[in-house]
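Numbering (our numbering), first residue to last: 1327 to 1542. Below: one structure, written as structure tokens.
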Amino acid sequence: MPELVFFSGTMDCGKSTLALQIEHNRTARGLQGLIFTRDDRAGEGKLSSRLGLVTDAVEAGPGLDLYGYVVEQLSRGGKVDYVIVDEAQFLLSEQIDQLARIVDDLNLDVFAFGITTDFRTKLFPGSRRLVELADRVETLQVEAMCWCGARATHNARTLGGEMVVEGEQVVVGDVARSAAEVGYEVLCRRHHRRRMTSAASRAGTLSPDVLPVSSA
């Protein structure tokens, strides 16, 4: 039976690489898919990985009906065997409903890839709806690592190397941005709570929420 599968993880854990691998494997077997993405680091209408791989995709802006787009392709005689959606956390909740309808009404597999929570540890609306509707939720097995060596579980937004916890939910950036730009870093829960980025650790600073140690 066709499925809606949500592959989730932190930034820098290989989600886009796996999406491209799934596309490659199915293309090699004569299948043809549709790829949607939103706000990719490589620009509009692109699906890219940090390994340097990139392919064309359909930009899934807030006004795009994903189900209607697939139906239109099929009605024009196009071949669609599966659907891949990268950066699915940025989709609207109703667009996730449209992905479920693609599975149920058109009998197509849908593979969605995205991070679950934002830099404030709050669920993205698209990710929340995927968790509610997906037939399967798969956690990526390639674990990103915090600067301390522990498993990274949280996404942090940085500005000038310092972690920020306020601002718009969606600001396009990447883990490879320079310290002077808006960027992102993956951290373990402990260091996310303490706002301890790799830059802060090198400077030897601690967050104010660290409890003082009594000398008594």
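Here a beta-carbon is modelled for each residue, glycine too, at the ideal position from N, C-alpha and C. Model, not experiment: these values are computed from the prediction.
Fill in: Close beta carbons around residue 1348, own chain, < 7 Å, minus the five adjacent residues each side
Along the sequence shown, read from residue 1 onward, the residue named residue 1348 stands at position 22. Contacts found: 1410, 1437.
Discussion item. Please classify residue 1350 as buried or exposed, where buried requires at least 16 other C-beta atoms within 10 Å of its C-beta.
Written reply: Stepping through the sequence shown from its first residue, residue 1350 is reached at position 24. Counting Cβ neighbours within 10 Å, residue 1350 comes out exposed, since fewer than 16 surround it.
Worksheet entry | Start-to-end residues for the beta strand (DSSP E) that takes in residue 1372 | Taking the first residue of the sequence shown as position 1, residue 1372 is located at position 46. Where residue 1372 is concerned, the enclosing beta strand (DSSP E) stretches over 1372-1374.
Worksheet item: How long is the line joining the alpha carbons of residue 1375 and residue 1401, rounded to whole angstroms?
Response: One-based indexing of the sequence shown puts residue 1375 at position 49. One-based indexing of the sequence shown puts residue 1401 at position 75. Going from the Cα of residue 1375 to the Cα of residue 1401 covers about 32 Å.
Item to complete: Please specify which runs of the alpha helix (DSSP H), each continuous and at least 4 residues long, are wholly inside the segment 1437-1498, giving them in chain order.
Response: 1451-1459
Item to complete: Give the DSSP-derived three-state secondary structure of residue 1435 in the structure shown.
Response: Taking the sequence shown and counting its residues from 1, the one referred to as residue 1435 is at position 109. DSSP places residue 1435 in strand when its eight states are reduced to three.
Discussion item. Check for me: the alpha helix (DSSP H) holding residue 1511 runs from which residue to which?
Written reply: Translated into the one-based positions of the sequence shown, residue 1511 becomes position 185. Where residue 1511 is concerned, there is no enclosing alpha helix (DSSP H), although the beta strand (DSSP E) it sits in stretches over 1508-1513.
Worksheet item: Alpha carbon to alpha carbon, what distance is there between residue 1472 and residue 1526?
Response: Within the sequence shown, the letter at position 200 stands for residue 1526. Within the sequence shown, the letter at position 146 stands for residue 1472. So the alpha carbons of these two residues sit roughly 13 Å apart.
Worksheet item: Excluding the five sequence neighbours on either side, which residues of its own chain have a C-beta within less than 6 Å of the C-beta of residue 1490, listed in chain order?
Response: The residue you call residue 1490 lines up with position 164 of the sequence shown. Once the five neighbours on either side are set aside, the close Cβ partners of residue 1490 are 1483.
Item to complete: Run the CB neighbour count on residue 1424, radius 10 Å, all protein chains shown included, and call it buried at 16 or more, exposed below.
Response: Sequence index remark: in the sequence shown, residue 1424 carries index 98 (1-based). By the neighbour-count rule (16 or more Cβ atoms within 10 Å), residue 1424 is buried.
Fill in: Anticipated Cβ contact below 8 Å, residue 1452 with residue 1417, distance rounded
For the purposes of this step, residue 1452 is taken as residue 126 along the sequence shown, with counting starting at 1. For the purposes of this step, residue 1417 is taken as residue 91 along the sequence shown, with counting starting at 1. With 8 Å as the limit, residue 1452 and residue 1417 qualify as a contact, their Cβ atoms being about 4 Å apart.
Discussion item. Mapping the DSSP letters down to three states, classify residue 1501 as helix, strand or coil.
Written reply: Along the sequence shown, read from residue 1 onward, the residue named residue 1501 stands at position 175. Its pLDDT being 48, under 50, residue 1501 is placed unreliably by the model, and nothing is read from it.
Worksheet entry | Complete alpha helix (DSSP H) runs within the segment 1342-1399 (minimum length 4 residues, chain order) | The qualifying runs do not exist here; there are none.
Worksheet item: Based on Cα-Cα distance, which residue from 1355, 1343, 1470, 1515 lies nearest to residue 1408?
Response: Reading the sequence shown from its first residue, position 82 is the one you call residue 1408. Ranking the options by Cα distance to residue 1408, first place goes to 1355.
Worksheet item: Is residue 1425 helix, strand or coil by DSSP?
Response: For this step, residue 1425 is matched to residue 99 along the sequence shown. Residue 1425: helix per DSSP, three-state reduction.
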